[in-house]
Amino acid sequence: MSAVNGCIPSLLLIIAQRDCTKSILSTFSDDEDGSLADLNHLVIVPGHAIWQGANAEHRLDDSLWILEPYQRGGGHLEAFYQHIAHAAKLSLQDKHSLLVFSGGQTRQGSTTTEAESYMRLALQSGVLPNTSQPIRTTTENYALDSYQNLLFSIARFHEYTGIYPSKITVVGYEMKRRRFTDLHRAAIRWPKNRFEYLGIDSIYDEDSVVALEKEGHVRRSFEKDLYGCHSDLLQKRRARNRYRRFHPYHTSSPVLRRLLEWCEPALYNGILPWSPGGLGMLPEWRLIE
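All residue numbers for the sequence shown refer to the numbering used here, where the first residue is 372 and numbers rise by one.
In structure tokens, the structure reads:
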């Protein structure tokens, strides 16, 4: 078996020291103090709309958001803000966490993404410190549905830190708990004991009735189509990708390539960084396809 640059390949994985696996990605940024290697907790806020405002005091003004018709009025905007605020508080309390706002440029007429607008609102409102110092917060700008919110945020964590998380917390609607814990988590085979869901719903009963009906329909669709590749779930993704954007995670997280492309009805059975023996969470190792 031959060695390349002093590294010995194997049939399934090439497990190598950092110096043996440097890529072009290492030329884009540098973790000078090694602090990114200490991050292991991924906190995710899935986006639901795009905020276009400039003053957080007006965050409940419908006219400053690009919304679906059913999101206007009621308590949806306050729920969005509470997701942001609770996730920010959780992240600030855990020095090993990275907060990721997730959501793409999903709405016609927008010039930004759900994720970027959420982060801007977090900074404008003061729930995240507006400082020149690193705040352990970033955005994932390509997700088009809740399954992608989860998988793409994991890929973004790896893109940002060079490692995979060992724990995940999602902050979103309580009514979507089962969708994330029973379907999306299971689809990527993430360990149940390292996954937490913090649910916060609208305080308005009318919102809950309509939203629960929609949630039931979406959950049943994902039960039939676990990876969202077919039927109405595929149509939703296409409708939300009006600006024809495509994620970069094949390049920045190549180990996830097969999972990113998986559309089979059966559960994905390939090797994953968080699989037993995958070693993907250890900062001193790399997994190479």
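Every residue gets a Cβ at the ideal spot worked out from N, C-alpha and C, and that includes glycine.
All values derive from a computational prediction rather than experimental measurement.
Residue nearest to residue i in terms of C-alpha spacing, selected from the options
| i | options | result |
| --- | --- | --- |
| Thr532 | Arg507, Glu545, Leu515 | Arg507 |
| Leu410 | Gly444, Gln442, Arg629, Leu469 | Leu469 |
| Tyr568 | Phe551, Pro562, His555, Ala558 | Phe551 |
| Ile539 | Trp561, Asp553, Ala557 | Trp561 |
| Ser462 | Ser488, Glu545, Ser623, Leu413 | Leu413 |
Three-state secondary structure assigned by DSSP to residue i
| i | result |
| --- | --- |
| Pro417 | strand |
| Thr502 | coil |
| His412 | strand |
| Phe472 | strand |
| Phe566 | strand |
| Glu487 | helix |
| Thr477 | coil |
| Glu511 | strand |
| Lys466 | coil |
| Gly599 | coil |
| Asp553 | helix |
| Glu584 | helix |
| Ser646 | coil |
| Ile571 | coil |
| Leu494 | helix |
Residue span of the alpha helix (DSSP H) that contains residue i, given as start and end
| i | result |
| --- | --- |
| Phe528 | 517–532 |
| Leu407 | Here Leu407 belongs to no alpha helix (DSSP H), and DSSP marks it neither H nor E. |
| Arg613 | Here Arg613 belongs to no alpha helix (DSSP H), and DSSP marks it neither H nor E. |
Beta-ladder partner(s) of residue i, from DSSP
| i | result |
| --- | --- |
| Gly662 | Residue 662 lies beyond the range of the chain shown here (372 to 660); nothing can be said about it. |
| Ile437 | Ile421 |
| Thr622 | DSSP, once it has assigned bridges, lists no residue as partnering Thr622. |
Run of the beta strand (DSSP E) containing residue i, from where it starts to where it stops
| i | result |
| --- | --- |
| Lys538 | 538–543 |
| Glu632 | Note, Glu632: premise wrong, no beta strand (DSSP E); alpha helix (DSSP H) at 628–632. |
Cβ-based burial, residue i [other Cβ within 10 Å; buried from 16]
| i | result |
| --- | --- |
| Val471 | buried |
| Tyr617 | The sequence given here has Phe at residue 617, not Tyr. Label assigned to Phe617: exposed. |
| Lys585 | exposed |
| Arg591 | exposed |
| Gly475 | buried |
| Ser503 | exposed |
| Ile574 | exposed |
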